[in-house]
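Colleague:
Number of protein chains: 2
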Amino acid sequence: MANYVAPLKDMTFLLNHVADSRGFNQIEHFADFDPALVSAVFDEAAKFAGQVLSPLNQSGDIEGCHFNDGKVTTPAGWNDAYQQFCSNGWLGLALPEAYGGQSLPRFIAAAVHEMWLSSNLSFVMFQALTQGAAEILLSANDDSLKQRYLEKLVTGEWATCMSLTEPGAGSDLGNIRTRAVRQADGRYRITGQKIYITYGEHDLTENIVHLVLAKTPDSPPGGKGVSLFIVPKYIVDQSGQCGELNDVRCVSIEHKTGLHGSPTCSISYGDDGGAIGELVGAENRGLEYMFILMNEARLSTGQQGVAIGEMGYQRALEYSQERTQGRDLLSGDTDVQIARHPDVKRMLMGLRAQVTALRALSYQIASRLDLAEADPEKRAAHLRFVALMTPIFKAFSTESGNLMAGTTIQIFGGMGFVEETGVAQLMRDIRVTTIYEGTTGIQANDLVFRKVQSDQGEALTELIADIESDFACYAALEIAGSETEMLVQLIAVLKESSQFILQQGKEGRETLLCGAVNFLELMGIACCSWMMMRTAVAAYEQKQQSTDTLYLDNLIALSRFYFAHFTPKVLALHRTLISAEMGIQDYRFEE
Amino acid sequence: MANYVAPLKDMTFLLNHVADSRGFNQIEHFADFDPALVSAVFDEAAKFAGQVLSPLNQSGDIEGCHFNDGKVTTPAGWNDAYQQFCSNGWLGLALPEAYGGQSLPRFIAAAVHEMWLSSNLSFVMFQALTQGAAEILLSANDDSLKQRYLEKLVTGEWATCMSLTEPGAGSDLGNIRTRAVRQADGRYRITGQKIYITYGEHDLTENIVHLVLAKTPDSPPGGKGVSLFIVPKYIVDQSGQCGELNDVRCVSIEHKTGLHGSPTCSISYGDDGGAIGELVGAENRGLEYMFILMNEARLSTGQQGVAIGEMGYQRALEYSQERTQGRDLLSGDTDVQIARHPDVKRMLMGLRAQVTALRALSYQIASRLDLAEADPEKRAAHLRFVALMTPIFKAFSTESGNLMAGTTIQIFGGMGFVEETGVAQLMRDIRVTTIYEGTTGIQANDLVFRKVQSDQGEALTELIADIESDFACYAALEIAGSETEMLVQLIAVLKESSQFILQQGKEGRETLLCGAVNFLELMGIACCSWMMMRTAVAAYEQKQQSTDTLYLDNLIALSRFYFAHFTPKVLALHRTLISAEMGIQDYRFEE
Numbered sequence: 037m038a039n040y041v042a043p044l045k046d047m048t049f050l051l052n053h054v055a056d057s058r059g060f061n062q063i064e065h066f067a068d069f070d071p072a073l074v075s076a077v078f079d080e081a082a083k084f085a086g087q088v089l090s091p092l093n094q095s096g097d098i099e100g101c102h103f104n105d106g107k108v109t110t111p112a113g114w115n116d117a118y119q120q121f122c123s124n125g126w127l128g129l130a131l132p133e134a135y136g137g138q139s140l141p142r143f144i145a146a147a148v149h150e151m152w153l154s155s156n157l158s159f160v161m162f163q164a165l166t167q168g169a170a171e172i173l174l175s176a177n178d179d180s181l182k183q184r185y186l187e188k189l190v191t192g193e194w195a196t197c198m199s200l201t202e203p204g205a206g207s208d209l210g211n212i213r214t215r216a217v218r219q220a221d222g223r224y225r226i227t228g229q230k231i232y233i234t235y236g237e238h239d240l241t242e243n244i245v246h247l248v249l250a251k252t253p254d255s256p257p258g259g260k261g262v263s264l265f266i267v268p269k270y271i272v273d274q275s276g277q278c279g280e281l282n283d284v285r286c287v288s289i290e291h292k293t294g295l296h297g298s299p300t301c302s303i304s305y306g307d308d309g310g311a312i313g314e315l316v317g318a319e320n321r322g323l324e325y326m327f328i329l330m331n332e333a334r335l336s337t338g339q340q341g342v343a344i345g346e347m348g349y350q351r352a353l354e355y356s357q358e359r360t361q362g363r364d365l366l367s368g369d370t371d372v373q374i375a376r377h378p379d380v381k382r383m384l385m386g387l388r389a390q391v392t393a394l395r396a397l398s399y400q401i402a403s404r405l406d407l408a409e410a411d412p413e414k415r416a417a418h419l420r421f422v423a424l425m426t427p428i429f430k431a432f433s434t435e436s437g438n439l440m441a442g443t444t445i446q447i448f449g450g451m452g453f454v455e456e457t458g459v460a461q462l463m464r465d466i467r468v469t470t471i472y473e474g475t476t477g478i479q480a481n482d483l484v485f486r487k488v489q490s491d492q493g494e495a496l497t498e499l500i501a502d503i504e505s506d507f508a509c510y511a512a513l514e515i516a517g518s519e520t521e522m523l524v525q526l527i528a529v530l531k532e533s534s535q536f537i538l539q540q541g542k543e544g545r546e547t548l549l550c551g552a553v554n555f556l557e558l559m560g561i562a563c564c565s566w567m568m569m570r571t572a573v574a575a576y577e578q579k580q581q582s583t584d585t586l587y588l589d590n591l592i593a594l595s596r597f598y599f600a601h602f603t604p605k606v607l608a609l610h611r612t613l614i615s616a617e618m619g620i621q622d623y624r625f626e627e
Numbered sequence: 037m038a039n040y041v042a043p044l045k046d047m048t049f050l051l052n053h054v055a056d057s058r059g060f061n062q063i064e065h066f067a068d069f070d071p072a073l074v075s076a077v078f079d080e081a082a083k084f085a086g087q088v089l090s091p092l093n094q095s096g097d098i099e100g101c102h103f104n105d106g107k108v109t110t111p112a113g114w115n116d117a118y119q120q121f122c123s124n125g126w127l128g129l130a131l132p133e134a135y136g137g138q139s140l141p142r143f144i145a146a147a148v149h150e151m152w153l154s155s156n157l158s159f160v161m162f163q164a165l166t167q168g169a170a171e172i173l174l175s176a177n178d179d180s181l182k183q184r185y186l187e188k189l190v191t192g193e194w195a196t197c198m199s200l201t202e203p204g205a206g207s208d209l210g211n212i213r214t215r216a217v218r219q220a221d222g223r224y225r226i227t228g229q230k231i232y233i234t235y236g237e238h239d240l241t242e243n244i245v246h247l248v249l250a251k252t253p254d255s256p257p258g259g260k261g262v263s264l265f266i267v268p269k270y271i272v273d274q275s276g277q278c279g280e281l282n283d284v285r286c287v288s289i290e291h292k293t294g295l296h297g298s299p300t301c302s303i304s305y306g307d308d309g310g311a312i313g314e315l316v317g318a319e320n321r322g323l324e325y326m327f328i329l330m331n332e333a334r335l336s337t338g339q340q341g342v343a344i345g346e347m348g349y350q351r352a353l354e355y356s357q358e359r360t361q362g363r364d365l366l367s368g369d370t371d372v373q374i375a376r377h378p379d380v381k382r383m384l385m386g387l388r389a390q391v392t393a394l395r396a397l398s399y400q401i402a403s404r405l406d407l408a409e410a411d412p413e414k415r416a417a418h419l420r421f422v423a424l425m426t427p428i429f430k431a432f433s434t435e436s437g438n439l440m441a442g443t444t445i446q447i448f449g450g451m452g453f454v455e456e457t458g459v460a461q462l463m464r465d466i467r468v469t470t471i472y473e474g475t476t477g478i479q480a481n482d483l484v485f486r487k488v489q490s491d492q493g494e495a496l497t498e499l500i501a502d503i504e505s506d507f508a509c510y511a512a513l514e515i516a517g518s519e520t521e522m523l524v525q526l527i528a529v530l531k532e533s534s535q536f537i538l539q540q541g542k543e544g545r546e547t548l549l550c551g552a553v554n555f556l557e558l559m560g561i562a563c564c565s566w567m568m569m570r571t572a573v574a575a576y577e578q579k580q581q582s583t584d585t586l587y588l589d590n591l592i593a594l595s596r597f598y599f600a601h602f603t604p605k606v607l608a609l610h611r612t613l614i615s616a617e618m619g620i621q622d623y624r625f626e627e
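Chains A and B supply the protein sequences, listed in that same order. Each residue of the first sequence is one higher than the last, beginning at 37 in the numbering used here. Each residue of the second sequence is one higher than the last, beginning at 37 in the numbering used here.
Next comes the structure, spelled out in structure tokens:
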């Protein structure tokens, strides 16, 4: 399979002209931030993704990870790539310089992170873990933990993992059974079994810092009694040096349908008396800390949908321009590139349009995180936006990613079903992304109840206002045609659906629970339509000062394609939402 | 993974009360046809599927087929199962008794075939090939071929395979390069390379009868110059006995992402001077014959969507009733079966509703094939219906099957991504079904241009009349509620879309080519909605004379669920259809 080529032109266009990062150089906070540096960073990252990570993607899938007597060996090439990745400073790109990071804005890190995910998703899964773990340590306000762990994590000298799930506690973390008992020295003894621990054990680093959720004796029941502990594979002393092996053991790794290069571990803590753990922050605040990491992981997971979509698009475009088959049903030409068949062109454009819209959304979220840093006055509004978008982006992008992997295979035809071409791997790798870090159903409930109802619709109302304002810009363009009618309907449907959610009280709760996923998808399409309106407007404006007409006209065509092929889905989703409980209430499982 | 349990109750309900098979015992042609026999056949088939084929499904996936020096070895257990399958008479269930078959109606064969496909899709892929090959021989009117081949194929003593695709000719079979040169004895010398030959080589039978498309010298270009040949692995003499090995060689088998138990072969014909082939029918009529088999294969492929959906539903239901997690967000109960979470219940009902609708459609098509036999006067109308439904059922059912496999994994959560649970195999196995026997795009073009436009909408108009008549029955029921409004819209959209297709002349051709897949999906949902109206009506009527209230009420609930969660999609599909070329015409690939 051909190596990944970072779509720098598309990325740069969206960052410079579409996402809110477009106004960055006018913001004081980023005043000393050199655009030439961005370009240099992107070039280097593109090189590393294309030349180092991408070539390992298929070999890593074929070889997989090895488990032997508690040890996990990553696929050939992983270790070298990891050392280079860290020594090049990629790991801590958006983390503080004070701890060995680069302190670059999030929007740059988002574009770079997407390159890693496209080129080798299995490999780079540790990065979001490190980003999240570092943010937990930064927020937990414990100088000893910061001093001893942070720099080693940010530089990649040590790795981290997130130890949440247990056989009886997946989506419901309040149910965990892992115990933590405080000792005289203030440290804890941890005992319990954890499963599905990504990079829970491996051969890449000297030490692995496990972030473990556990319950202390007499803690309150449910999620309110969960605490977070640092449990290093090798115990770290007060000076920050690795000492003896902790009572932590990798029991097995999973045999998964995809992500073969990423070890998914079952870990046993405390078989031999209790693993030594250090409390993060205060007891019983574990889920709160863990959600810092979880939100980070959800954004990264959303990006995985974009990244696999991009990889699929690249492969499908290349294949469909090489493969000739059949007659052009319009011109009558024979043996044409299959890319010229309208149905294949439709699929290719569908891939590029979805990737473009979701990528823009990803950069938009990252930009608002940056703006939250830059502008304390509007910080709350920016964070409200990010909180609203997190479940939408996580779930909608990964659901789209699965569909895009399917479309890629479809374009390849029979060749897509053959493993050698590498596109079946995209389908296998992406499949778990709608599950881990909270399933689509969980994201939908988070959206409807926490992000819309509990918020009294504040963030949502602000979002709709933004969409309306960008629609006005689009509709005013001379290029706007009959599709504006669909966009007018989109906004109407969006308002109606939002009102519907906000108006439901207790008696409407079942309808919301049954229709939450429909609302989430509706929001996903609305946000992507929004980004495509912005894309079209930006392309139109750029045309006034650029000669890159083909590229810019294609972006406009892609936007209109989105409005014709994706936006109409909101009509169906709205219809389902408002009677979502139909049949479900009356249906009884037969025992 | 638990074994497959044939859903006999659902199957029987749909056959007896929903599909057109419901009136069978009143038709003279089937007068001597004993319902007790049907029941006995179903019981035996269910046993064989559950106890013999299903246990081999996962082991066959893990082991796969072996290739060594031209020989293919099927997975452990395959050979025994094959011998039993044939000696029990399952292979020729719907083929003539005169040649060793059972002459059972198609609607019975359809239900039984679904059991095989659910329990072990990889294994049973040979059956549709045999069914199709037998029908070719029956129609080709060549007594020598019939006498020497037919009984051996129908009884399974010999197997068959369909040798169409070449590296440069997949969807476009007019492009094949395999040559056939007539010899003095009337037989032909065949030379060429074929790929993607399902069961092209294996260890199950003494002989394998290859049906090979090839071109004779000076034949017309394109599809009109393609002929069909029988090329047996061992040459068959005039008395029907196997003689020496033919010049046919299996070169390799594919390493696929799914269907590991079904060998997909590359075959080389004539490396050593030319394989001996016998012409079927007349020269240059190869595609016409092959389409007899192809239509058979398309209907079988459509059933694969139903079958994998059913298997996924069974597994997901079982898992979601065992697995407890989280709090019931309505009652507040803790540690509830995940099946009780509204979003999971929604997914489970979605699986059962889709399977029910598609299964009913499958039986409806089979019934109309039977009716075509039974009633010469209406034969043309019945066959018109089947011709119209073939691309819809093939493509929509397999696209749905892919989505259903995804939903099954989603219900399993993290466990679904782990291969041991067996549900990832469903996703891998089903993936090729939207590709082989004609991609979804090809089915959509067949539907729009051949089955609707060329037919002047005759079959489609008849279908819409049927749907309207069943809607009237549904709307008249006391149980009909607000969903009738959606059904009224469905019929309106169906008529508008049909008119749109019929009204497009040459200048609208691009729109149709870009929107054909949308029209096909719209038709699929319309037909499934139709079957669910019939299901609800039948359940309502049965309630007057049955005490099986829970079961029948659930069917009604399932129908209403379908109208709320699936039927609304036609609103979006119609919208996309009528402006499907938007953006596509203007988009130019960058070289």
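C-beta atoms are modelled at their ideal positions from N, C-alpha and C, and glycine is treated no differently.
1) In terms of residue numbering, what span does the alpha helix (DSSP H) encompassing residue 228 (chain A) cover?
2) Judging by CA-CA distance, which residue of A:599, A:316, A:77 is the nearest neighbour of residue 171 (chain A)?
3) Which one of A:206, A:90, A:116, A:134 has the shortest CA to CA distance from residue 150 (chain A)?
4) Taking Cβ positions only, does residue 468 (chain A) come closer than 8 Å to chain B?
5) Whose Cβ in chain A lies nearer than 9 Å to the Cβ of residue 83 (chain B)?
6) Give the DSSP-derived three-state secondary structure of residue 372 (chain A) in the structure shown.
7) Quick one: Cα of residue 597 (chain A) to Cα of residue 445 (chain A), how far?
8) Taking all protein chains shown into account, decide if residue 163 (chain A) is buried (16 or more other Cβ within 10 angstroms of its Cβ) or exposed.
9) Identify each residue in the region 497–515 of chain A for which the Cβ-Cβ distance to at least one residue of chain B is less than 8 Å, and report them in chain order.
10) Residue range of the alpha helix (DSSP H) that residue 598 (chain B) falls in?
11) Given this structure, state the Cα-to-Cα distance separating residue 506 (chain B) from residue 430 (chain B), to the nearest angstrom.
12) Reducing DSSP to helix, strand and coil, say where residue 243 (chain B) ends up.
13) If I follow the unbroken alpha helix (DSSP H) through residue 418 (chain B), where does it start and stop?
14) Residues of chain A with a CB under 9 Å from the CB of residue 289 (chain B): which are they?
15) With a cut-off of 8 Å, does the C-beta of residue 115 (chain B) fall near any C-beta of chain A?
16) Return helix, strand or coil for residue 250 (chain A), following the three-state DSSP convention.
17) Taking the alpha helix (DSSP H) that residue 348 (chain B) falls in, what are its first and last residues?
18) In the DSSP output, which residue or residues are listed as bridge partners for residue 102 (chain B)?
19) With a 10 Å radius around its C-beta and 16 neighbouring C-beta atoms as the bar for buried, classify residue 586 (chain B) as buried or exposed.
20) Tell whether a beta-carbon distance below 8 Å holds between residue 296 (chain B) and residue 436 (chain B).
21) As a quick exercise: from A:168, A:275, A:239, A:384, pick the residue whose alpha carbon is nearest that of residue 335 (chain A).
22) Alpha carbon to alpha carbon, what distance is there between residue 488 (chain A) and residue 306 (chain A)?
23) Are the C-beta of residue 213 (chain B) and some C-beta of chain A separated by less than 8 Å?
24) Just to check my reading of the structure: residue 441 (chain B) and residue 466 (chain B) have Cβ atoms closer than 8 Å, yes? What is that Cβ distance to the nearest angstrom?
25) Can you pull the chain B neighbours of residue 22 (chain A), defined as C-beta to C-beta under 8 Å?
Modeller: According to the structure data:
1) Segment 224–234 is the beta strand (DSSP E) holding residue 228 (chain A); no alpha helix (DSSP H) there.
2) Per the Cα distances, A:316.
3) Residue 150 (chain A) has its Cα closest to that of A:90, out of A:206, A:90, A:116, A:134.
4) Contact of residue 468 (chain A) with chain B is assigned, a C-beta pair being separated by under 8 Å.
5) Close partners of residue 83 (chain B) in chain A (Cβ separation under 9 Å) are lacking, with about 22 Å as the shortest Cβ gap.
6) DSSP places residue 372 (chain A) in coil when its eight states are reduced to three.
7) Approximately 21 Å, taken between the alpha carbons.
8) With a threshold of 16 other beta carbon atoms within 10 Å, residue 163 (chain A) meets it and is buried.
9) Correct list: empty, as no residue qualifies.
10) Counting along the chain, the alpha helix (DSSP H) containing residue 598 (chain B) begins and ends at 585–601.
11) The alpha-carbon of residue 506 (chain B) is positioned some 23 Å away from that of residue 430 (chain B).
12) Strand at residue 243 (chain B).
13) Its alpha helix (DSSP H) spans residues 415–448.
14) Simply none; closest approach about 11 Å.
15) Chain A places no beta carbon closer than 8 Å to that of residue 115 (chain B), leaving this residue out of the contacts.
16) In the three-state DSSP reduction, residue 250 (chain A) falls in the strand class (E or B).
17) Its alpha helix (DSSP H) spans residues 322–358.
18) The partner list for residue 102 (chain B) (beta bridge, DSSP) reads B:109.
19) With fewer than 16 other Cβ atoms within 10 Å, it is exposed.
20) No, these two residues do not count as a Cβ contact at 8 Å.
21) Minimum Cα distance to residue 335 (chain A) is reached at A:168.
22) Roughly 42 Å separates the two Cα atoms.
23) Using a CB distance cut-off of 8 Å, residue 213 (chain B) does not count as an interface residue toward chain A.
24) Contact between residue 441 (chain B) and residue 466 (chain B) holds, with the beta-carbon distance rounding to 5 Å and staying under 8 Å.
25) No information on residue 22 (chain A) is available, as it lies outside the stretch 37 to 627 that chain A covers here.
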